[in-house]
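K.L.:
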Amino acid sequence: MEQYWSGNAVNQNKGMVENLQRYGIIQSRKVAEVMETIDRGLFVPNGTPPYVDSPIPIGYNATISAPHMHATCLQLLEENLQPGMHALDVGSGTGYLTACFAMMVGPQGRAVGVEHIPELVSSSTENIQKSAAASLLKDGSLSVHSGDGRQGWPEFAPYDAIHVGAAAKEIPQPLIDQLKPGGRMVIPVGVLFQDLQVVDKNSDGSISIRTETSVRYVPLTSKEAQLQG
Ligand code: SAH
1 MEQYWSGNAV
11 NQNKGMVENL
21 QRYGIIQSRK
31 VAEVMETIDR
41 GLFVPNGTPP
51 YVDSPIPIGY
61 NATISAPHMH
71 ATCLQLLEEN
81 LQPGMHALDV
91 GSGTGYLTAC
101 FAMMVGPQGR
111 AVGVEHIPEL
121 VSSSTENIQK
131 SAAASLLKDG
141 SLSVHSGDGR
151 QGWPEFAPYD
161 AIHVGAAAKE
171 IPQPLIDQLK
181 PGGRMVIPVG
191 VLFQDLQVVD
201 KNSDGSISIR
211 TETSVRYVPL
221 TSKEAQLQG
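Shown next as structure tokens:
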């Protein structure tokens, strides 16, 4: 919920990444590398400032998350985004994080976005095509699908990493079911006041949940409810 910097001081993707490192939000080389490789500027609407630390409206009552939230989620999921692993991005919006996941799991892995606004599925596909993840979209290790993400995406389950980009009233059971033992889900939970929860599935299938921080996301809901505002 904080904002670490504002204004136009940062006008390049590299400067944004350096700021995230300076504020201690990016802590690993791998997360810095992927955020350097996937230019956030390709994922925000034309004419909006891409490198300021704030969410930006993308239409349909949705927003692209602030850079510090993207970095936080990448850090939390890093161990579960190794080459060859499977990652699911629910409420993939602009496709930014789906593209980051795809770069990290690589061509032998799977990065799957699910978004319920078909227009955002189309525009996110176009964004990804302009980015460094284009070849992964072409070869099929990255895909974005139109659907209700509360049901997950069973086709490529189980997942090592699940990210939910919209706040759930409670954690949807299909997402827990589609998490691999040893897998981790990062999900904002709550209505007005939300917690970013880290859900780990242990090797015996049991679940451990902890709260990372307070956040403010758009709701994980039905398409109709979202479009009504
Ligand atoms: N991580 C994305 C966040 C976009 S905002 C980004 O930074 O670009 C949250 C997204 O979740 C919106 O695009 C919204 O349309 C989508 N969403 C909300 N409820 C959903 C649901 N039930 N199924 C799929 N997508 C959903």
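Using this note's numbering, the first residue of the sequence shown is number 1, and each one after it goes up by one. Using N, Cα and C, we set each Cβ at its ideal position, and we do this for glycine too.
Just curious, the beta strand (DSSP E) that Glu212 is in, first and last residue?
P.N.:
Looking up residue 212 in the sequence shown gives position 212. Unbroken beta strand (DSSP E) run through Glu212: Ile207 to Val215.
K.L.:
Just reading off the alpha helix (DSSP H) that Pro118 is part of, what are its end residues?
P.N.:
Walking along the sequence shown from the start, residue 118 turns up at place 118. Where Pro118 is concerned, the enclosing alpha helix (DSSP H) stretches over Pro118 to Lys130.
K.L.:
Any chance the CB of Gln226 is under 7 Å from a heavy atom of the ligand SAH?
P.N.:
Position 226 of the sequence shown holds residue 226. Yes; taking the cut-off as 7 Å, the Cβ of Gln226 has a heavy atom of the ligand SAH nearer than that.
K.L.:
My assumption, with CB atoms under 8 Å, is that Ile209 sits in contact with Gln197. Please give the rounded CB distance.
P.N.:
Taking the sequence shown and counting its residues from 1, the one referred to as residue 209 is at position 209. Taking the sequence shown and counting its residues from 1, the one referred to as residue 197 is at position 197. Ile209 to Gln197, Cβ: 6 Å. Contact.
K.L.:
Here's a check: name, in chain order, each residue in its chain whose Cβ is nearer than 6 Å to the Cβ of Gly149, leaving out the five neighbours to either side.
P.N.:
Looking up residue 149 in the sequence shown gives position 149. So the list reads Val90, Gly91 and Val114, once near-sequence residues are dropped.
K.L.:
Between Met85, Pro174, Ala87 and Glu170, which has its C-alpha nearest Gly190's C-alpha?
P.N.:
Walking along the sequence shown from the start, residue 190 turns up at place 190. Nearest C-alpha to Gly190: Glu170.
K.L.:
Per DSSP, what kind of secondary structure is Leu227 in: helix, strand or coil?
P.N.:
On the sequence shown, position 227 is the one that residue 227 refers to. It is helical.
K.L.:
Any heavy atom of the ligand SAH within a distance shorter than 7 Å of the CB on Tyr159?
P.N.:
Residue numbering aside, residue 159 sits at position 159 when the sequence shown is read from its first letter. Result no, Cβ not under 7 Å from the ligand SAH.
K.L.:
Given Thr94, which residues of its chain have a CB within under 8 Å of its CB, disregarding the five upstream and five downstream residues?
P.N.:
Position 94 of the sequence shown holds residue 94. Taken in chain order, the residues that qualify are Phe43, Val44, Ile58, Ile64, Leu120, Ser123, Ser124 and Asn127.
K.L.:
Report yes or no: is there a C-beta of chain C within less than 8 Å of the C-beta of Gln226?
P.N.:
Absent from the structure is chain C; it holds one protein chain and no more.
K.L.:
So, Tyr96 versus Ala167, is the Cβ gap smaller than 8 Å?
P.N.:
Translated into the one-based positions of the sequence shown, residue 96 becomes position 96. Translated into the one-based positions of the sequence shown, residue 167 becomes position 167. For Tyr96 and Ala167, no; Cβs fall outside 8 Å.
K.L.:
According to DSSP, which residues form a beta bridge with Met185?
P.N.:
Here residue 185 corresponds to residue number 185 of the sequence shown, with the count starting at 1. Paired residue(s): Ile162 and Val199.
K.L.:
Which word fits Ser143, buried or exposed, when buried means at least 16 other C-beta atoms lie within 10 angstroms of its C-beta?
P.N.:
The sequence position of residue 143 within the sequence shown is 143, counting from 1. Classification of Ser143: buried, given that the 10 Å Cβ count is 16 or more.
K.L.:
With a cut-off of 8 Å, do at least 3 Cβ pairs link the stretch 72-79 to the stretch 8-18?
P.N.:
The answer is no - the stretch 8-18 does not touch the stretch 72-79, with fewer than three Cβ pairs under 8 Å.
K.L.:
Let me know the secondary structure DSSP gives Ala87 once reduced to three states.
P.N.:
In the sequence shown, counting from the first residue as 1, residue 87 sits at position 87. Reduced to three states, the DSSP call for Ala87 is strand.
K.L.:
Can you tell me where the alpha helix (DSSP H) holding Val105 begins and where it ends?
P.N.:
For the purposes of this step, residue 105 is identified with residue 105 of the sequence shown, where counting begins at 1. Counting along the chain, the alpha helix (DSSP H) containing Val105 begins and ends at Tyr96 to Val105.
K.L.:
Does DSSP put Pro67 in a helix, in a strand, or in coil?
P.N.:
Within the sequence shown, the letter at position 67 stands for residue 67. Residue state, collapsed to three classes: helix.
K.L.:
Which value, in whole angstroms, describes the spacing of the CA atoms of Asp200 and Tyr51?
P.N.:
Start at 1 with the first residue of the sequence shown, and residue 200 comes out as number 200. Start at 1 with the first residue of the sequence shown, and residue 51 comes out as number 51. When rounded, the distance between both Cα atoms is 31 Å.
K.L.:
Using a Cβ-Cβ cutoff of less than 6 Å, which residues in the same chain neighbour Pro174 once the five nearest sequence positions on both sides are dropped?
P.N.:
Within the sequence shown, numbered from 1, the residue matching residue 174 stands at position 174. Taken in chain order, the residues that qualify are Gln151 and Gly152.
K.L.:
Who pairs with Glu115 in a beta bridge, going by DSSP?
P.N.:
Counting from one through the sequence shown, the residue named residue 115 turns up at place 115. DSSP lists Ser146 as partners of Glu115.
K.L.:
Considering just the uninterrupted stretch of the alpha helix (DSSP H) at Gly15, what are its terminal residues?
P.N.:
As a working mapping, residue 15 is identified with position 15 in the sequence shown. Note, Gly15: alpha helix (DSSP H), Asn13 to Arg22.
K.L.:
Are His68 and Tyr4 touching if we call contact CB-CB under 8 Å?
P.N.:
Here the question's residue 68 lines up with position 68 in the sequence shown. Here the question's residue 4 lines up with position 4 in the sequence shown. Against a cut-off of 8 Å, the Cβ pair of Tyr4 and His68 comes out as a contact.
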